[in-house]
Amino acid sequence: MIIDSHTHADEAPGFGWFDPPETIIRLLDEAQIEQAIVMTYRDAPGPEEGVIEYIAEAVQRYPDRLIGYARMNPRYGDEAVELFDRAIRDYKMKGLKLHPVSYVMHPASEPTLALIRHAASLGAPILFHCGDEEFTLPLQIAEAAAAVPDATIILGHMGGYFHVRDAIRVAKRFPNIVLETSAMPYPRMLKEAVDALGAERILFASDGPGCDPTLEVEKVRRAGLSPDQEELLFRGNIHRILGGVIH
Amino acid sequence: MLIDAHAHVGDSLFGVRQSVEDLLASMAEHDIVQAVLVPLRPSGYHLEPENDRIAAAVQAHPDRFAGFARVDPWQGEAALRELRRALDNLGLIGLYLHPFEEQFAANDEIVFPFVDLLRDRGLPLLLAGGYPVFSHPSQIGDLARQFPDVTIIATHGGQINISGLLLADATRMLRANPNVIMETSGIYREDFIEDTVNELGADRVVFGSNAPYMDQGFEAARIRLAHLDEATKDAIGGQNIRRLCRLPAPSPT
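Chain order of the listed sequences is A and B.
Just remember that my numbering sits 785 ahead of the position in the first sequence, which is counted from 1.
Once you know that position 94 of the second sequence is 88 in my numbering, the rest is easy, because the numbers rise by one and skip nothing.
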């Protein structure tokens, strides 16, 4: 069984985005992936209403396939924390997604830490976009992991193209950091990360539908891991992490 | 059946290596019938022995390989002499430039004499594309605009950004410059390959692996799994680069 720890559904004509839940469901079917964590491209709160409800409805439509994360904009302060709280308690979402490029704020800024602290108090993981852009570098996000040691911080894309070794380094230093495999182009770096950190610290994800879930599965299969290690990446680790969420 | 438009042999300063034998074994495993070979940056400063290495591999396996020369434009007149030697004496059939590893902007004037020579010979440029500061898609476009009759193959789709922040730049660059072809190694994202083929045509995309920096088998899967019809996958998987480089039909393995 495979759980994909990072996919998207959203319909935002103003941005030119049209990826209804059916798009990712079709790609998951192709890849024989049973379940996926799904999130919007838009942040909440934001200029448009209904972002959190969009994911809630997608999960309601495919309750056996989709698990929701709330993608938030920390600049909204208490309003963001309260909306995130409702996403977990009322809509039974399982985690927090942050993409600091979309709201242009340091990942360890005080408003971001307030959201992270609240997620940690609910046992909900925090998935950061973690690539090569400002405000998303592993060493920058590590400051947030250091500030809130009881938060589970997931580095989505595990450092992108140029910062994979930095992602491994900060995960070695901070035990609350977990790496996530999507879009990162080097199969051999998955093996390097597993050898350095243990397979318990790595999650499989695709970043579909832009990235192809079938190809992302192929990347893990080509990394030279043992069947037990693959099982942890594909299912065991995220299952364990999401088991700690308090609604 | 695939043809790899971008594979390296040699020992890289940056810690990767690939022998001709390793590459041939990988190609056999992944049903890749031919490859365009380009030099790695060696631990020494000199690229001449690397061009010799590529030429020797092509001579040993003429039905499997073609080769591009690599020079460092910062070496000026000496590098231009080396490019002439590689094309005239070694039988290499294009130029590979790596702005990131050799630290020059893709659109810097120091590059122009080399592209002039390619234009005179009707040969293509393989350009390491999308690297921060040195080969941003807009810099590739600025070079391509000034050499409209030189085919420029931009690796990584001409953009490297895992947020998708350069997809718009790369698409604009490809639209504005019909002489640019994008190569697919390590590309973000799969739908960028599909969208480019659908908007600009299958002849604007070629498969390349960037092995051994990247994984040849995984990069081959990127093409095989694309949501495109078989004829399109044949074109981007091999027919385009075969036509562009006038590669011979391979003998049966």
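Virtual Cβ for every residue (Gly too), placed ideally from N, Cα, C.
Computed from a prediction, not measured in an experiment: that's the story for all the values here.
Can you name, in chain order, every residue of its own chain whose Cβ lies under 6 Å from the Cβ of residue i, other than the five neighbours on each side?
i               : result
L982 (chain A)  : A956
G1029 (chain A) : G908
A794 (chain A)  : D804, P806, I809, V823, A843
W802 (chain A)  : D795, Y826
L883 (chain A)  : F913
A872 (chain A)  : I837, A855, M878
E1008 (chain A) : Just to set this straight, residue 1008 (chain A) is Ala in the shown sequence, not Glu. Contacts found: P972, L975, K976.
V14 (chain B)   : V3, A51
L1027 (chain A) : K879
Residue i versus chain A: which residues are under 8 Å apart at the beta carbon?
i              : result
I134 (chain B) : Chain A residues near I134 (chain B): none, gap ~17 Å exceeds 8 Å.
E184 (chain B) : G995, C996, D997, L1000
L219 (chain B) : D997, T999, L1000, E1003
To the nearest angstrom, how far is the alpha carbon of residue i from that of residue j?
i               : j               : result
C915 (chain A)  : L940 (chain A)  : 5 Å
A843 (chain A)  : D102 (chain B)  : 49 Å
R811 (chain A)  : D66 (chain B)   : 47 Å
E838 (chain A)  : I217 (chain B)  : 36 Å
D997 (chain A)  : N83 (chain B)   : 44 Å
T226 (chain B)  : E213 (chain B)  : 17 Å
I911 (chain A)  : G831 (chain A)  : 19 Å
D228 (chain B)  : P244 (chain B)  : 15 Å
H948 (chain A)  : H942 (chain A)  : 10 Å
D849 (chain A)  : A122 (chain B)  : 44 Å
N173 (chain B)  : D25 (chain B)   : 29 Å
V1002 (chain A) : L120 (chain B)  : 30 Å
A952 (chain A)  : G116 (chain B)  : 44 Å
E819 (chain A)  : A990 (chain A)  : 13 Å
R64 (chain B)   : A932 (chain A)  : 48 Å
L3 (chain B)    : A927 (chain A)  : Reading the sequence as shown, one finds Val at residue 3 (chain B) and not Leu. For V3 (chain B) and A927 (chain A), the distance between alpha carbons rounds to 37 Å.
V27 (chain B)   : R236 (chain B)  : 11 Å
M176 (chain B)  : H150 (chain B)  : 7 Å
L17 (chain B)   : V32 (chain B)   : 12 Å
A205 (chain B)  : H903 (chain A)  : 45 Å
Q1014 (chain A) : V52 (chain B)   : 41 Å
S20 (chain B)   : P1012 (chain A) : 23 Å
L81 (chain B)   : A148 (chain B)  : 21 Å
Y90 (chain B)   : R78 (chain B)   : 13 Å
H57 (chain B)   : P242 (chain B)  : One detail in the question is off: residue 57 (chain B) reads as Asp in this sequence, not His. Going by the C-alpha atoms only, they are around 6 Å apart.
T792 (chain A)  : A841 (chain A)  : 14 Å
M248 (chain B)  : R47 (chain B)   : The requested residue 248 (chain B) does not occur in the structure, where chain B is confined to residues -5 to 247.
Based on DSSP bridge pairs, tell me the residues matched to residue i.
i               : result
T792 (chain A)  : A:V823, A:G993
E965 (chain A)  : A:L988
P33 (chain B)   : B:V3
G853 (chain A)  : A:V823
L236 (chain B)  : Reading the sequence as shown, one finds Arg at residue 236 (chain B) and not Leu. Answer by DSSP bridge pairing: none, since R236 (chain B) is not bridged.
K1004 (chain A) : None; K1004 (chain A) has no bridge partner.
I953 (chain A)  : I953 (chain A) pairs with nothing; no bridge assigned.
G61 (chain B)   : B:L31
L241 (chain B)  : DSSP lists no partner for L241 (chain B).
I(-3) (chain B) : B:Q28
L883 (chain A)  : A:F913
F803 (chain A)  : A:E796
Residues of chain A with CB under 9 Å from residue i, in chain order?
i              : result
N155 (chain B) : G916, D917, E918, G945, Y946
G180 (chain B) : Y946, P970, Y971
G158 (chain B) : G995
Within a Cβ cutoff of 7 Å, which residues of the same chain sit near residue i, ignoring the five residues on either side of it in sequence?
i               : result
E42 (chain B)   : E76
R1020 (chain A) : M786, I787, I788
A865 (chain A)  : P830, M857, N858, P859, L900
L238 (chain B)  : P118, T145
A918 (chain A)  : Strictly speaking, residue 918 (chain A) in this sequence is Glu, with Ala absent from that position. Excluding residues within five positions, the ones whose Cβ falls inside 7 Å are V886.
L222 (chain B)  : E188, V191
L924 (chain A)  : D951, V955
L7 (chain B)    : R35, P36, S37
Y861 (chain A)  : P830
Residues of chain B with a CB under 9 Å from the CB of residue i: which are they?
i               : result
H954 (chain A)  : For the sequence presented, residue 954 (chain A) should be read as Arg rather than His. In chain order: nothing, as chain B lies at least about 17 Å away.
R1025 (chain A) : Neighbours of R1025 (chain A) on chain B: none; closest Cβ ~26 Å, over 9 Å.
Considering only residues of the same chain and omitting the five flanking positions on each side of residue i, which have a CB-CB separation below 8 Å?
i               : result
L1017 (chain A) : A984, E985, I987
D5 (chain B)    : R11, L34, P36, S37
D935 (chain A)  : A905, N961
Please compile the residues from chain A whose C-beta is within a distance smaller than 7 Å of the C-beta of residue i.
i              : result
L17 (chain B)  : Those within 7 Å of L17 (chain B) in chain A number zero; the least Cβ separation is about 16 Å.
L137 (chain B) : The contacting residues do not exist; L137 (chain B) stays about 22 Å from chain A at best.
Listing by chain order, which chain B residues have their CB less than 7 Å from the CB of residue i?
i               : result
H942 (chain A)  : I156
R1007 (chain A) : D209, G211, F212
For residue i, which residues in chain B fall below 8 Å Cβ to Cβ?
i              : result
V886 (chain A) : S157, L159
- [ ] Identify every run of the beta strand (DSSP E) within the stretch 152 to 220 of chain B, keeping only runs that are complete inside it and at least 3 residues long; order them along the chain.
- [x] 174 to 177
| query | What are the complete beta strand (DSSP E) segments, minimum 3 residues, inside the stretch 890 to 950 of chain A? | reply | 911 to 914, 938 to 941
Please list the segments of the beta strand (DSSP E) lying wholly inside the stretch 66 to 134 of chain B, counting only runs of 3 or more residues, in order along the chain.
-> 89 to 91, 119 to 121
Interface positions of the stretch 185 to 216 of chain B facing chain D (Cβ-Cβ less than 7 Å), listed along the chain
The displayed structure is made up of protein chains A and B, and chain D is not among them.
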